[in-house]
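Student: One structure coming up, written as structure tokens, with questions to follow.
Number of protein chains: 2
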Amino acid sequence: MNDIALTNCLRLLQSAEAIKNRLAGEFSAVHGLSVSEFFLLMQLDQTTGRRLSRVELAKRLHVSASTVTRMATPMEKLGLLTRESDSRDARLAFVVLTDTGQTRVQEARTTFAKQAGYVFRDRWTPKEQDQLAALLHRFVADSPGSLT
Amino acid sequence: MNDIALTNCLRLLQSAEAIKNRLAGEFSAVHGLSVSEFFLLMQLDQTTGRRLSRVELAKRLHVSASTVTRMATPMEKLGLLTRESDSRDARLAFVVLTDTGQTRVQEARTTFAKQAGYVFRDRWTPKEQDQLAALLHRFVADSPGSLT
DNA sequence: GCAATATGCTTGCATCCGCAAGCATATTGC
DNA sequence: GCAATATGCTTGCGGATGCAAGCATATTGC
Chain A
0 MNDIALTNCL
10 RLLQSAEAIK
20 NRLAGEFSAV
30 HGLSVSEFFL
40 LMQLDQTTGR
50 RLSRVELAKR
60 LHVSASTVTR
70 MATPMEKLGL
80 LTRESDSRDA
90 RLAFVVLTDT
100 GQTRVQEART
110 TFAKQAGYVF
120 RDRWTPKEQD
130 QLAALLHRFV
140 ADSPGSLT
Chain B
0 MNDIALTNCL
10 RLLQSAEAIK
20 NRLAGEFSAV
30 HGLSVSEFFL
40 LMQLDQTTGR
50 RLSRVELAKR
60 LHVSASTVTR
70 MATPMEKLGL
80 LTRESDSRDA
90 RLAFVVLTDT
100 GQTRVQEART
110 TFAKQAGYVF
120 RDRWTPKEQD
130 QLAALLHRFV
140 ADSPGSLT
């Protein structure tokens, strides 16, 4: 009845919803980026060469390839991203973070960290936050886009 | 730079994405319910009287009121839900779980618990799962739709 | 009592996203 | 080498959802 895994699953999903809703509003207002777009830029920023193919990006963001295509286009027009092709494989179309994009994502990261701080600070001690980080690490450790 | 709250925020959101994607597929195939619909039924099942107003349901599910309207209609047609009105306030339109709906949600809950078990069992010991539950409890404790 | 405001619900519109199909290029089997 | 298959990307379509507007009912201020 009160299965522990069921409970954790529900709590995890509900917590994520609450966090996302809380962050989304003011975050986009400040930097002109949605949380999804911010995650895309973060992935590139933490990759050597600041470039990834679109399918790789899709895997890391847990979205479809078409979503990556549609997310990248407007950000290219804003100058945050560039498109590059591979000389050896003409199918590949890399998404590359520009200098402008890097500046923007670092500013956004500061805001994000501050907001995250508010969310966690009132509920958990630093020690408990470390515990939580260790437990959640198991989940993201085996996926390539851990972002930490 | 490596702010602990930022890390936890990212890990929590990424974990939720991974879990949701993993559960969504086979879950809907077995019971004909999306995860969102299952959550809606769960909320009603754990409420005394098995009925909630639409705005209250919207708050607990972290969705808009219009989404509740559009989610409830097809489930009424399937006989899982009924609509009731309040004799004292004609604006209210309660969403009520039927006996059929209760049977269905309990079956679905079994499947959900089994899937959740697979997700957690391989990564965490029972003791660690208890730790995680305690930590996440802080997040959902103050919201009315804790579902636990 | 009546106007002004608030609340609950629904609907039109825009947006986001996944799926499937289509196209281009690469790799494999013969 | 060439056909068959696989891979990467884009686009059309449909589903889901939030926002703002609209409608019905309740409450408040006078």
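First to last, the sequence lines map onto chains A and B. Here the first sequence stands for residues 0 to 147, numbered as in numbering that gives the first Met the number 0. Here the second sequence stands for residues 0 to 147, numbered as in numbering that gives the first Met the number 0. Just so you know, even glycine gets a beta-carbon here, dropped at the ideal spot from N, CA and C.
1. Let me know the secondary structure DSSP gives A112 (chain A) once reduced to three states.
2. Would you say C8 (chain A) reaches chain B, if we count a Cβ-Cβ gap shorter than 7 Å as a contact?
3. Starting from S84 (chain A) and walking both ways along the beta strand (DSSP E), at which residues does that stretch end?
4. Quick one: any contact between the segment 85-99 of chain A and the segment 119-134 of chain A, if contact means 3 or more CB pairs under 8 Å?
5. Taking 6 Å as the limit between beta carbons, can you name the residues of its chain near A23 (chain B), skipping five residues before and five after?
6. Contact between the segment 46-54 of chain A and the segment 5-21 of chain A is defined here as three or more beta-carbon pairs at a separation below 8 Å; is this criterion met?
7. Which chain B residues are close to F111 (chain A), counting only those with a beta carbon under 8 Å from its beta carbon?
8. The alpha helix (DSSP H) that contains V54 (chain A), what's its start and end?
9. Where does M0 (chain A) land, buried or exposed, given buried means 16+ other C-beta within 10 angstroms?
10. Using a beta-carbon distance cut-off of less than 9 Å, what residues from the segment 15-28 of chain B approach chain A?
11. Quick one: is D121 (chain B) near chain A, going by C-beta distance under 7 Å?
12. Would N7 (chain B) be called buried (16 or more neighbouring beta carbons within 10 Å of its own) or exposed?
13. Helix, strand or coil: which one does DSSP assign to L11 (chain B)?
14. Is any beta-carbon of chain B found at less than 7 Å from that of V139 (chain A)?
15. Helix, strand or coil for T140 (chain B) per DSSP?
16. Spell out whether any CB of chain A is found under 7 Å from the CB atom of A115 (chain B).
17. Look at L80 (chain B) and V67 (chain B) and say whether their C-beta atoms are less than 7 Å apart.
18. Is the shortest distance between the beta-carbon of A64 (chain B) and the beta-carbons of chain A less than 7 Å?
19. How long is the line joining the alpha carbons of R108 (chain A) and G78 (chain B), rounded to whole angstroms?
20. Can a CB atom of chain A be found closer than 7 Å to the CB of A132 (chain B)?
21. Note down, in chain order, each residue of its chain lying with its Cβ closer than 8 Å to the Cβ of R120 (chain A), except the 5 sequence neighbours on either side.
22. In its own chain, which residues sit with a C-beta less than 7 Å from the C-beta of M74 (chain A), not counting the 5 before and 5 after it?
23. Just to confirm, is the Cβ distance from L91 (chain B) to S65 (chain B) under 7 Å?
24. Flag this pair as yes or no: are the beta carbons of I3 (chain B) and Q101 (chain A) separated by less than 7 Å?
25. Going by other Cβ atoms of all chains shown within 10 Å of its Cβ, with 16 needed for buried, is R82 (chain A) buried or exposed?
26. Taking 6 Å as the line, does the beta carbon of T109 (chain B) fall inside it for any heavy atom of the ligand HEM?
27. In whole angstroms, what is the alpha-carbon distance linking S27 (chain A) and V62 (chain B)?
Tutor: The answer reads as follows:
1. helix
2. yes
3. L80 to S84
4. no
5. V34
6. no
7. L5 and C8
8. R53 to L60
9. Residue confidence for M0 (chain A) is low, a pLDDT of 47 falling below 50, so the modelled location carries little weight; the figure read from the coordinates is stated next. Exposed is the call here.
10. A15, E16, A17, I18, K19, N20 and L22
11. no
12. buried
13. helix
14. yes
15. In the sequence on display, residue 140 (chain B) carries Ala and not Thr. Here A140 (chain B) sits in coil by DSSP.
16. yes
17. no
18. no
19. 47 Å
20. yes
21. none
22. E36 and L80
23. no
24. no
25. exposed
26. This structure lacks the ligand HEM; in fact it carries no ligand of any kind.
27. 19 Å
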